[in-house]
Ligand code: RUQ
Ligand code: CUA
Ligand code: CA
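Numbering (our numbering), first residue to last: 180 to 818.
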């Protein structure tokens, strides 16, 4: 293949006599270009210019052997279903946290402890996570939890950051595809806000397939962050894409791209403007407290109706028209603006949060009076992030660029002043979706690093066949000028990431014996009269056999046990090693059984002993010079 065939690559130029922008035109943006398959490329550059820039940058991101990164990064694993932990700026992957996927190494989805977290939804083996967000107190990360959505099976999961394991999961009732997810910032993360993306009929039982029907809608969902139970739902007009919340704890906002409630692409692009819907959280809470709520489709969650009736607003919502199929919704770190990213419009819309009280009080004729600027930034704006110095950084999917712009200057320009609010445009590689500046979602945005999550990597890495990696690029934004310092290939598909200072995340080095993560397993052992730290015993309970053993490098407490063919066997292992990093595993060969048992952890797994004969089990985490010898045998007697 010649370089010329490789469209979107750095080699391509705009057709002769036309600038890329002129050729594309803002109205032509919609269909062809968004597919990411146009013949239009990034800015022309040479390999040499990249090499020079890279050399200068390399010193900045080099974290020497034995040294630690300054930031934790939590990356969504997209439709791979996990969360990944990276060190920033080295961009080294530190850990993977299985969530909506099944994980062979740790036994996530296989162990009893993980199955209890997964609940009924454990029947789904896939997930699609997009938006990882860290719990906050007073607008700053408190390091307690990370929440993440599952678009594929309409779930929200919580990860405990002290142990970096998922400890709760909730299927959101009566909505399809949880997409946008953000947290209450102030005074603390009481609610997780999660958008149901798709409009569906209610009840969704086949009685109707008509999206225009008044019983077809989607809902904005508030989840109690501590209990991980539904708090309330709000019925909305149109659909819901991304969301964020303000720094007062009063207003949440979400973008809608399908105000048309259309079935197809053409229909969803019909309106020149869709909207941002703003939710008045205290008004919703007051209505629910007063018992003024309904139920939807037999679920017990309190629901309020935030739709307009005959053009009249509900007390719970306001709809602010913005162009066109907006996508990302970002609260500026100074707390002043909700910014809706135009996607099919080259603009972003800046909503002044301090005008929302008046909007709800009915003081404006036109809800667009809360918009204080609509700067034109480039083609395909998707997401915006902030440096805490008054600048915003917006990804331009179609232009394959990040644009740095000044928010105050954009507001002044909107009032008619002649000021160029665009500070810099930087090529990224290629087609960026989310971007994320260090601490940007908090009042402590520090303007040091910017991660840009590019959907296409094209020619940036050694080829890997038709399926290409994504490209997570790291950009130094500490100075006046953005500087690209690192290309990071990633497997499908980090939609989004979040960076926290390393002092904001406090982890345990070994498990605490009273950890709730395995408390239910401990309770079963207690009923069996077992002391998990000392006992190695087999308990028979009809056809159920519970095998209890300890592990300590390099041996299990039991090096053999006997069961009968057809028994349901539960193996519960307590790792009594106290030494940091000495994790053991348990694999029963040819039984699909695998799990992690880290120091002071109790793990259990249940399977059917369906094959008579001798079956070796072994430790799967390299723990000792005699790790290979850390084995035992299950003898299965013929039925
Ligand atoms: S969305 S690429 Cu799933 Cu966060 Cu914008
Ligand atoms: Cu225990 Cu390897
Ligand atoms: Ca639309």
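Glycine is no exception: its CB is placed at the ideal position from the N, C-alpha and C atoms. None of these values were measured; they are calculated from a predicted model.
Residue i: CB within 7 Å of a non-hydrogen atom of ligand 1
i: residue 561; result: yes
i: residue 421; result: yes
i: residue 612; result: yes
i: residue 507; result: yes
i: residue 608; result: no
i: residue 675; result: yes
i: residue 358; result: yes
Three-state secondary structure assigned by DSSP to residue i
i: residue 516; result: strand
i: residue 601; result: strand
i: residue 238; result: helix
i: residue 683; result: helix
i: residue 204; result: Note that residue 204 has pLDDT 37, beneath the 50 cutoff, so the model's placement of it is unreliable and no number is given.
i: residue 216; result: Summary for residue 216: the model assigns pLDDT 38, below 50, so the residue's position carries little reliability; its value from the coordinates is reported in the next sentence. The answer is coil: DSSP assigns residue 216 none of H, G, I, E or B.
i: residue 689; result: coil
i: residue 300; result: helix
i: residue 354; result: coil
i: residue 814; result: strand
i: residue 661; result: coil
i: residue 231; result: helix
i: residue 620; result: coil
i: residue 596; result: coil
i: residue 339; result: strand
i: residue 546; result: helix
i: residue 763; result: strand
i: residue 246; result: coil
i: residue 747; result: strand
Cβ-Cβ distance between residue i and residue j below 8 Å
i: residue 732; j: residue 761; result: yes
i: residue 346; j: residue 337; result: yes
i: residue 401; j: residue 419; result: no
i: residue 746; j: residue 788; result: yes
i: residue 662; j: residue 231; result: no
i: residue 414; j: residue 484; result: yes
i: residue 606; j: residue 579; result: yes
i: residue 615; j: residue 678; result: yes
i: residue 573; j: residue 556; result: yes
i: residue 519; j: residue 455; result: yes
i: residue 499; j: residue 549; result: yes
Extent of the continuous beta strand (DSSP E) to which residue i belongs
i: residue 372; result: 370 to 377
i: residue 291; result: Run containing residue 291: none in the beta strand (DSSP E); it sits in the alpha helix (DSSP H), 291 to 297.
i: residue 590; result: Where residue 590 is concerned, there is no enclosing beta strand (DSSP E), although the alpha helix (DSSP H) it sits in stretches over 586 to 593.
i: residue 774; result: 772 to 776
i: residue 432; result: 430 to 435
i: residue 740; result: 739 to 743
i: residue 795; result: 792 to 797
i: residue 628; result: 628 to 633
i: residue 323; result: 319 to 329
i: residue 266; result: 261 to 267
i: residue 560; result: 560 to 565
i: residue 409; result: 408 to 415
i: residue 809; result: Neither: residue 809 is in no beta strand (DSSP E) and is coded neither H nor E.
i: residue 498; result: 496 to 502
Distance cut-off 7 Å: residue i Cβ against heavy atoms of ligand 2
i: residue 668; result: no
i: residue 309; result: no
i: residue 268; result: no
i: residue 800; result: yes
i: residue 804; result: no
i: residue 284; result: no
i: residue 733; result: yes
Residue i beta carbon near ligand 3 (any heavy atom closer than 7 Å)
i: residue 436; result: yes
i: residue 416; result: no
i: residue 136; result: In the structure as shown, the chain starts at 180 and stops at 818, and residue 136 therefore has no counterpart that could be examined.
i: residue 376; result: no
i: residue 520; result: no
i: residue 407; result: no
i: residue 443; result: no
Within-8 Å CB hit, residue i to chain C
i: residue 266; result: In the structure shown, chain C cannot be found, because there is only a single protein chain.
Start-to-end residues for the alpha helix (DSSP H) that takes in residue i
i: residue 701; result: 698 to 706
i: residue 151; result: Summary: the structure shown does not reach residue 151, with the chain confined to residues 180 through 818, and so no result is reported for it.
i: residue 445; result: 444 to 447
i: residue 539; result: 535 to 539
Practice task
Pair every Cβ in the stretch 347 to 362 with every Cβ in the stretch 704 to 723, then say whether three or more of these pairs are closer than 8 Å.
Solution key: no
Problem - Stretch-stretch touch, CB-based, cutoff 8 Å, three pairs: the stretch 682 to 689 with the stretch 662 to 674 - result: no
Practice task
Count the C-beta pairs between the stretch 403 to 423 and the stretch 368 to 375 that are closer than 8 Å, then say yes if the count reaches three, no if not.
Solution key: yes
Exercise for the section: Would you be able to state if there are at least three C-beta pairs under 8 Å between the stretch 439 to 447 and the stretch 468 to 484? Expected result: no
Problem - Touch test, the stretch 788 to 806 against the stretch 295 to 302, Cβ-Cβ under 8 Å, three pairs minimum - result: no
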